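First residue of the sequence shown: 2, per our numbering; consecutive thereafter.
Cβ coordinates follow ideal geometry from the N, Cα and C atoms, glycine included.
Just so it is clear, the structure is predicted and the values come from calculations on it, not from any experiment.
Following: one structure in structure tokens, then a few remarks.
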Amino acid sequence: MKALILNSGLGHRMGVLTSEHPKCMTEISARDTILSRQLKLVAEAGIKEVVMTTGYFDEILVNYCHSLNLQLNYTFVNNPVYDKTNYIYSIYCAKDHLRDEDIVLMHGDLVFESEVFDKVIASDVSCMTVSSTLPLPEKDFKAVIGEGRVKAVGIEFFTDAMAAQPLYKLCKNDWNVWLDEICAFCENDDRKCYAENAFNKVSDKCLIYPLDVKDALCGEIDTPEDLAVVYKQIAELENRIVYMCFSTDMIHSGHIAIIKKAQKLGKLVIGVLSDEAVASYKRFPLMPYAERKSLVENISGVAMVIEQKELSYAENIKALKPAYVVHGDDWREGFQRPIRDEVVELLGEYGGKLVEYPYSKTDTYLEMEKLSRAKLSMPDMRRGRLKKLIGMKGLVTAMEAHSGITGLIVENTKVLQDGKTYQFDAMWVSSLCDSTAKGKPDIELVDMTSRFRTIDDIMEVTTKPIIFDGDTGGLTEHFVYTVKTLERMGVSMVIIEDKTGLKKNSLFGTEVQQTQDSIENFCEKIKAGKKAQKTKEFMICARIESLILERGMEDALERAFAFSGAGADAIMIHSRKKDPAEIFEFVEKFREKNQATPIVVVPTSFNAVTEQEFKQRGVNVVIYANQLTRSGFPAMQKTATTILENHRAKEADGMCMSIKEIITLIPEE
Ligand code: SPV
Ligand code: MG
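Pasting the structure below:
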């Protein structure tokens with residue numbers, strides 16, 4: 002497609018404003034002239050070739066176009082008798098550059114907003130811009146509409162007419178018909194009329210459809226009064242706030258394309274999602290908020306960058322009242338749909354508009370996302386993330402995983418509620434569940450090599466940080482090696498419990514013989530572990546069994562202060578009571594003296610307490626220690642029984658996930 006811009010005319014009605022340059026070089030805003038604005042829109046639409054007819058101040062015009070440094074190839078065609086002819090003759094002079102081309106034709110004094118131009122360019126049929134809302138102008142173009150088409154264009158038509166502006170998209174076949182007629186007129190010495198007079202003769206063969214732009218800016222500047230009006234309209238357009246939100250830490254060509262489009266609508270404000278929102282929405286951001294903000298700030302044409310604290314746009318829409326919110330159309334379906342619905346509702350309250358551009362995740366994006374996930378799964382990237390998440394969120398949640406597939410469930414399960422996404426922050430490799438999966442009792446029977454194998458299986462397919470249940474930690478001499486191995490693997494935290502001898506699961510409480518370690522011994526174990534670790538981020542958490550073994554609150558607190566004093570990075574307090582009172586009491590008393598050390602709880606028994614309440618009371622990590630195991634195995638038992646009872650699998654089918662679902666759970670490389 003070529004752009005044909007008609008700039009031969011004198012523009013004498015502009016007075017002194019056109020005494021030194023052609024009318025199209027008149028400034029219409031602090032940053033644009035009529036022509037620079039037109040040419041920028043042409044270039045942004047991907048049009049490369051511009052044919053421009055010149056006349057008046059020809060050389061100034063040519064130099065000016067080149068000075069704009071746009072990616073455009075110009076063909077300037079001078080109309081030597083510009084002062085004695087109309088633009089029909091300028092087109093005639095340029096005919097050899099115009100035949101057999103799709104053309105976007107505009108007069109050089111026409112100012113239009115980008116949305117109008119985009120619609121013209123996107124039209125599948127030949128079209129002319131008209132307005133159904135503007136009054137019919139006395140002295141300007143009107144289009145006569147019949148059978149849905151433009152039948153005639155001229156100043157003299159008032160019946161069945163609409164205000165019309167000389168901005169056309171002309172498909173090759175229609176344009177050839179019109180151009181032939183223009184040539185016939187000019188060769189017949191009819192050179193002082195409008196090119197539209199030629200169109201009016203052939204409008205039954207040159208099929209042009211009206212494109213209704215209603216009140217959008219699309220008008221010619223003929224007089225200083227027109228200029229004043231347009232100046233104001235452009236200022237309003239340029240100051241309209243356009244809002245977009247970025248959740249990504251990877252800017253790619255798809256994002257830039259949408260940014261470029263959004264910029265054309267006004268002043269572009271970009272919201273950058275907070276680290277917490279990104280982490281909850283998709284994955285931990287590779288770059289922290291401050292870096293992502295500065296990345297976006299440095300994209301040209303971005304007027305301002307602000308934080309969007311949640312996935313929901315509500316807070317920023319209410320504060321900014323943007324005229325437009327821009328987004329890819331990928332959020333119409335699926336997970337982000339409720340967020341979109343809320344945006345539409347909020348914009349509707351004051352007449353803002355949602356603009357959606359086609360967007361699909363390209364192969365490059367998917368490849369980059371895969372690489373990011375791969376990076377996040379690497380030991381050095383994964384290890385420190387638990388500490389960061391605790392710092393960022395105050396409270397993190399961990400769900401047990403005991404295999405690759407349960408790891409994937411913890412990795413990928415998400416819930417959208419009230420404009421927020423929820424997912425587990427971390428994984429708990431429980432001794433109980435790891436042993437159970439192997440059909441063994443939870444008595445430190447499954448050896449460390451096997452436990453490491455489970456971690457490895459999970460790590461291979463996930464990115465989230467791992468908290469490892471280290472049981473008693475074993476002999477101090479052995480524990481130091483465990484620490485080093487876990488650290489090397491990329492585990493974030495090991496929790497060791499202050500028991501010794503044959504360990505039994507805590508949920509047995511005092512029903513079985515269990516021995517608590519001495520404070521001194523356990524402190525030595527913690528110190529040795531801390532000394533053995535090589536990185537700063539790895540955490541050793543001391544788990545206190547005093548409440549489980551009914552040794553009392555005093556003992557629990559004494560141990561907690563001693564263990565944190567010995568270097569423990571976190572304290573886990575355990576209880577097997579349904580009533581959370583003793584847990585709350587412990588947290589309160591510990592926090593009176595120590596506000597910094599993270600507190601971990603495992604609410605298997607006291608399961609009515611919400612995460613919110615734990616957070617308010619000063620807990621930092623909530624571990625759902627065994628729920629996948631406890632729900633998975635009964636389901637399997639039931640399926641097995643059903644098949645045995647029916648001597649076939651049909652009756653069990655409803656209890657089973659489809660093979661397709663299973664396959665989609667497991668991503669292929
Ligand atoms: C585990 O999950 O293995 C634990 C937590 O250690 S508990 O079972 O509650 O002791
Ligand atoms: Mg355990």
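Taking the straight line between their C-alpha atoms, what separation do you get for residue i and residue j?
i: Ser-115; j: Ile-29; result: 15 Å
i: Val-243; j: Lys-268; result: 6 Å
i: Gly-471; j: Cys-524; result: 16 Å
i: Ile-340; j: Tyr-314; result: 7 Å
i: Val-737; j: Asp-342; result: Absent from the model: residue 737. The displayed extent of the chain is 2 to 670, so no value can be given.
i: Tyr-482; j: Trp-332; result: 49 Å
i: Val-82; j: Lys-96; result: 16 Å
i: Asp-499; j: Gly-568; result: 15 Å
i: Val-495; j: Ile-307; result: 38 Å
i: Phe-564; j: Phe-634; result: 36 Å
i: Tyr-57; j: Cys-25; result: 11 Å
i: Tyr-195; j: Lys-143; result: 13 Å
i: Arg-192; j: Asn-80; result: 12 Å
i: Tyr-93; j: Val-131; result: 25 Å
i: Val-462; j: Gly-335; result: 24 Å
i: Arg-589; j: Ala-582; result: In the sequence under discussion, the amino acid at residue 589 is Glu, which differs from the Arg named in the question. Rounded to whole angstroms, Glu-589 to Ala-582 spans 10 Å at the Cα level.
i: Ile-318; j: Ile-271; result: 12 Å
i: Arg-383; j: Leu-377; result: 6 Å
i: Ser-507; j: Lys-528; result: 24 Å
i: Lys-206; j: Lys-152; result: 10 Å
i: Tyr-325; j: Leu-347; result: 11 Å
i: Lys-262; j: Val-273; result: 18 Å
i: Glu-221; j: Phe-113; result: 9 Å
i: Ser-672; j: Met-163; result: In the structure as shown, the chain begins at 2 and stops at 670. Residue 672 is therefore absent and cannot be evaluated.
i: Ile-549; j: Gly-510; result: 5 Å
i: Asp-448; j: Arg-577; result: 26 Å
i: Leu-629; j: Val-297; result: 41 Å
Give the single residue among the options whose Cα lies nearest to the Cα of residue i.
i: Phe-158; options: Gly-619, Asp-175, Leu-171 and Lys-140; result: Lys-140
i: Thr-640; options: Leu-168, Leu-287, Ser-632 and Cys-657; result: Cys-657
i: Thr-160; options: Asp-84, Asp-190, Pro-138 and Arg-649; result: Pro-138
i: Gly-566; options: Asn-595, Asp-33, Ala-162 and Val-51; result: Asn-595
i: Leu-321; options: Ala-609, Tyr-351 and Ile-584; result: Tyr-351
i: Ile-459; options: Ser-133, Ile-391 and Ala-427; result: Ala-427
i: Ala-165; options: Phe-469, Gly-530 and Val-214; result: Val-214
i: Lys-310; options: Val-52, Ala-278 and Gln-337; result: Ala-278
i: Ser-301; options: Lys-532, Leu-73 and Lys-265; result: Lys-265
i: Thr-55; options: Ala-46, Glu-45, Asp-33 and Ile-89; result: Ile-89
i: Val-178; options: Ala-162, Arg-100, Leu-168 and Asp-223; result: Arg-100
i: Pro-225; options: Leu-476, Thr-27 and Lys-651; result: Thr-27
i: His-22; options: Val-51, Tyr-65 and Val-43; result: Tyr-65
i: Ile-664; options: Leu-111, Phe-562, Ser-9 and Leu-409; result: Leu-409
Could you check whether residue j and residue i sit closer than 8 Å to each other, using their CB atoms as the reference points?
i: Met-129; j: Leu-212; result: yes
i: Val-303; j: Val-327; result: no
i: Lys-41; j: Leu-71; result: yes
i: Leu-208; j: Asp-175; result: yes
i: Ile-259; j: Tyr-358; result: yes
i: Tyr-625; j: Met-288; result: no
i: Leu-69; j: Lys-49; result: no
i: Pro-1; j: Arg-452; result: No information on residue 1 is available, as it lies outside the stretch 2 to 670 that the chain covers here.
i: Gly-474; j: Lys-535; result: no
i: His-403; j: Ser-431; result: yes
i: Gly-109; j: Ile-35; result: yes
i: Thr-605; j: Asn-627; result: yes
i: Phe-607; j: Ile-600; result: no
Do residue i and the ligand SAH come close, with the Cβ less than 7 Å from some heavy atom?
i: Asn-627; result: With respect to the ligand SAH, the structure shown offers nothing to examine, as its ligands consist of the ligand SPV and the ligand MG.
In the DSSP assignment, what are the bridge partners of residue i?
i: Pro-211; result: Met-129
i: Lys-532; result: Lys-532 pairs with nothing; no bridge assigned.
i: His-685; result: Look at the range of the chain in this structure, 2 to 670, and you will see that residue 685 is not part of it.
i: Asp-470; result: Ile-496
i: Trp-429; result: Glu-401 and Ile-468
i: Thr-54; result: Leu-7 and Val-78
i: Gln-309; result: Leu-274
i: Tyr-147; result: A quick correction: the sequence has Gly, not Tyr, at residue 147. Arg-150.
i: Phe-247; result: Val-273
Do the segment 247 to 259 and the segment 281 to 297 meet, that is, are 3 or more Cβ pairs less than 8 Å apart? Inter-segment contact for the segment 247 to 259 and the segment 281 to 297 is present: three or more beta-carbon pairs are separated by less than 8 Å.
Can at least three beta-carbon pairs, one atom from the segment 534 to 543 and one from the segment 568 to 584, be found at a separation below 8 Å? Cβ pair count under 8 Å is three or more, so yes.
Tell me whether the segment 642 to 653 and the segment 506 to 519 touch, counting them as touching only if at least three CB pairs, one residue from each stretch, are closer than 8 Å. The segment 642 to 653 makes no contact with the segment 506 to 519, as fewer than three CB pairs between them are under 8 Å.
Across the segment 184 to 192 and the segment 233 to 243, are there enough close Cβ pairs to call them in contact, namely three or more that are closer than 8 Å? No, the segment 184 to 192 does not touch the segment 233 to 243.
Taking one C-beta from the segment 409 to 423 and one from the segment 613 to 624 each time, how about it: are there three or more such pairs within less than 8 Å? Using a C-beta cut-off of 8 Å, the segment 409 to 423 makes no contact with the segment 613 to 624, since fewer than three inter-stretch Cβ pairs fall below that distance.
Does the count of Cβ pairs from the segment 358 to 371 and the segment 442 to 452 closer than 8 Å reach three? Verdict: no, contact absent.
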